[in-house]
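The opening position of the sequence shown corresponds to residue 111 in our numbering, with each subsequent residue numbered one higher.
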Amino acid sequence: MKNLLYNSFLFLIALVLCVNNIYAIDNYGSAGNKARFESRYIVDMPNAGLLAKGTYAPSIRFVDDGGILLDFTAAPFEFLNIGMSYTFFHIIGSGSIKAHQDFPGINLKARVVDEKLTLPAIVVGFNSQGTGAYYEGLDRYDQLHPGLYIAASKSFVWQLGELSAHVGTNYCVGTDKEYQGFNFYAGVEQAIGDYLSCIFELNPNFNDNDDISSKSKVKLNTALRASISNITFELQLRDLFTSTKNHGVNRFVGIEFINRF
């Protein structure tokens, strides 16, 4: 087990650090009216966005308990994204570094309908990576992984710039029975100027039946993204309803790089 975790850690770190040897491509990341690439998540939950064919995106998200969520996603085909991810806790701060996953999370996303004037883009996918704090006694992340999902996204242009609407349904698989079941979620993404986007996500978590919520399982998350060259920075304010016990609004920070093979 220790060798698996150690090797997975080295592999994911190497994937992230490889961007130091790649020149930046001419783009404005995945935020703002000048974005050259689609966003792929609302906040936690997947939307219908994909990486462009022949590109890849290492990313780092700083999460609870001094943790980092490492992700590497690539687009070998126009219609398909493939990725994997891993979370380590106590990277920042004191205490021994911990990893609660036996294997990396897997992310597969395929587009079945391209966006048209009268139709949204539609994808089907699977994502086994949970996010946020890890509850060892319950053997789960604060936010359950999406599992199997279908998501649709449609963009509009109005006076304030590009506005995207996202909806999806997911079924958490590979977990205990209290987490299995259908869930629905939705979000909006508003471009602010050339390089910024503001995002809101509403996730009712209908499939989450654990008693870790003091008010409601419904989570309202928001994020602000900013693109500089091929880098997109993200600040997340999570659980604005403060539904989870023992903490209020969470703040996560993320960095995403997009480059070509």
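Beta carbons: idealized from backbone N, C-alpha and C, even for Gly.
Please go through the same chain and pick out, in chain order, the residues whose beta-carbon is closer than 6 Å to the beta-carbon of H210, but skip the five residues on each side of it.
Y244
Classify L229: buried if its beta carbon has 16 or more other beta carbons within 10 angstroms, exposed otherwise.
exposed
I'd like the list of long-range same chain contacts for I132, defined as Cβ closer than 6 Å, with 5 residues on each side in sequence excluded.
Confidence in I132 is poor, its pLDDT being 44 and thus under 50, which makes the residue's placement unreliable; the coordinate value appears in the next sentence. Around I132, the same chain offers N369 as residues with beta carbons nearer than 6 Å, after the five sequence neighbours per side are excluded.
Rounded to the nearest angstrom, what separates I202 and D175 at their Cα positions?
Distance between the alpha carbons of I202 and D175 is about 8 Å.
Unbroken alpha helix (DSSP H) runs of length 4 or more, entirely within the segment 222-301: which are they?
Runs found: none.
Quick check on DSSP: helix, strand or coil for F182?
strand
For V155, name the three-state secondary structure that DSSP assigns.
Going by the sequence as given, residue 155 is Met instead of Val. Note: M155 maps to coil in three-state DSSP.
F236: buried (16+ other C-beta within 10 angstroms of its C-beta) or exposed?
buried
Check each candidate in Q239, T197, G205, S263 and name the one with the smallest Cα separation from L227.
S263
For R361, count neighbouring Cβ atoms within 10 angstroms of its own Cβ and tell me buried if that reaches 16, exposed if not.
exposed
With DSSP as the reference, identify every bridge partner of Y166, one or two as the case may be.
A184, N369
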